[in-house]
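Peer 1: Sequential numbering of the sequence shown, starting at 3, is according to the numbering used here.
All C-beta atoms, glycine included, are put in the ideal place defined by N, C-alpha and C.
The structure displayed is predicted, hence computed values, not measured ones.
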Amino acid sequence: MRYQWQLIDVIHEGMAQTDKQLGLKPYNTKLPNAEKDNYPQAAVVVVNPRNGELLAMAGSRELSYGFEFNRTIQPQQPGSTAKIFTYTNGVMRGSLPNSLFCDQPVTVKLSVGDPWSPSNYGDEYHGRITMAGALQKSLNTVAIKIELADTTCADTLNATGNPGPAEIVELARQFGIRSPWPAYPSVAIGAPDATLVEIAFAYAVLASGGVYHQPKLIMAINGRPVKANGASQAISEQEAYIITSMFRNVLQPGGTAWTFYDRAGTGYFPAAGKTGTTNDSRDCWFVLFTPEIVVAVWVGYDDNRPLTKKLTP
């Protein structure tokens, strides 16, 4: 249980760093609603991955005891947090953390419409890189190559007839995604919408050794415990272990979540996680998990305007 409190400390530090980057005042300002129209909103979901219990849910940044707008169940683009499905599908196809891919600008030919040219955050490219290294740095072009099972350094890829996008969509369904996802190549980097609850329970699959637990919202009725909902083995325990090992690297030096993890000052504990942002930093996501707990956070504006500064991808 001690790791749960350390994990919460990291989440607090992550949200504090977001505030700092955006130039916001502390939460405990004398007038908590004075900047309501100017600061971004936030939402958080906390899940017990062992049984699917929804331990906590906050749908807005400010305290409310009425029927607030619940952002945990509002679909948003999950950005790179959706790479959980891309990398899981890659491992299921036989790729390993040390498998090499070529990180470079690419153009993807589609069955309909103009070619698509995804890019990395900051337009930075690293050449040949391991699968684990690409996840640690959240490289979009490598995610596309993993999706299309391309290990070459070709700068033009053909997605027509490739089973990768459809496989990722099906895998996402097995991980609890119920939002409608089209089987387009952009699914590999989180273009389709998902809710914060869906993403939290998807990461709970890794935390539970590959088991998807249906969400459990009611723990007891009149003092009598409510049985857990259904569960299914979405992926093997070995696959979950391999994938989780790569997500641990995200919290290490060089990873996109290292700043949050380091500045929390909790010391080392065995957690894994993923950050994610969408185009123009309109949505910022952060997921951390251990075998005991999953915490997922979203930050953004309700009117979909960009956050005032670029955040960690």
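Looking only at its chain, what residues have a beta carbon closer than 7 Å to the beta carbon of residue 285, apart from the 5 residues adjacent to it on each side?
Peer 2: Cβ within range, chain order: 78, 79, 81, 279, 300, 302.
Peer 1: Nearest to residue 173 by alpha carbon, out of 164, 185, 274?
Peer 2: Shortest Cα-Cα distance from residue 173 to any of 164, 185, 274 involves 185.
Peer 1: How would you call residue 229, buried or exposed, if buried means at least 16 neighbouring beta carbons within 10 angstroms?
Peer 2: exposed
Peer 1: Closer than 7 Å by C-beta to residue 145: which residues in its own chain qualify, once you throw out the five before and the five after it? Chain order, please.
Peer 2: 85, 88, 190, 191
Peer 1: Using the Cβ count rule (16 or more neighbours within 10 Å means buried), how would you classify residue 360?
Peer 2: Given that the chain is displayed from residue 3 to residue 315, the structure contains no residue 360 and the question cannot be resolved.
Peer 1: Let me know if residue 114 comes out buried or exposed under the rule of 16 or more other beta-carbons within 10 Å of its beta-carbon.
Peer 2: exposed
Peer 1: Sort 219, 119, 98, 49 by Cα distance to residue 137 and report the nearest one.
Peer 2: The residue from 219, 119, 98, 49 with its alpha-carbon nearest to that of residue 137 is 98.
Peer 1: For my contact list, residue 218 and residue 159 are in at a C-beta cut-off of 8 Å; report their separation, rounded to the angstrom.
Peer 2: Their Cβ separation, rounded to whole angstroms, is 41 Å, which puts residue 218 and residue 159 out of contact at 8 Å.
Peer 1: Apart from the five residues just before and just after residue 259, which ones in its own chain have a Cβ nearer than 6 Å to its Cβ?
Peer 2: 252, 253, 275, 277
Peer 1: The beta strand (DSSP E) spanning residue 277 covers which residue range?
Peer 2: 274 to 279
Peer 1: Tell me where the alpha helix (DSSP H) around residue 172 begins and ends.
Peer 2: 166 to 176
Peer 1: Leaving out five residues on either side along the sequence, give the residues of the same chain with a beta carbon under 7 Å from the beta carbon of residue 211.
Peer 2: 239, 242
Peer 1: May I ask which residues mark the beginning and end of the beta strand (DSSP E) holding residue 131?
Peer 2: 129 to 132
Peer 1: So, at 6 Å on beta carbons, what are the nonlocal neighbours of residue 234 in its own chain, with the 5 sequence-adjacent residues on each side left out?
Peer 2: These residues qualify, in order along the chain: 214.
Peer 1: For residue 257, which residues from the same chain have a beta carbon less than 7 Å from its beta carbon, with the 5 sequence-adjacent residues on both sides left out?
Peer 2: 138, 251
Peer 1: Please state whether the Cβ-Cβ distance between residue 119 and residue 109 is less than 7 Å.
Peer 2: yes
Peer 1: Please state whether DSSP places residue 142 in a helix, a strand or coil.
Peer 2: helix
Peer 1: Any idea if residue 73 is buried or exposed, counting beta-carbon neighbours within 10 angstroms, 16 or more meaning buried?
Peer 2: buried
Peer 1: Out of 246, 140, 166, 187, state which residue places its alpha-carbon closest to the alpha-carbon of residue 116.
Peer 2: 187
Peer 1: Just to confirm the assignment, what range does the alpha helix (DSSP H) spanning residue 240 have?
Peer 2: 239 to 251
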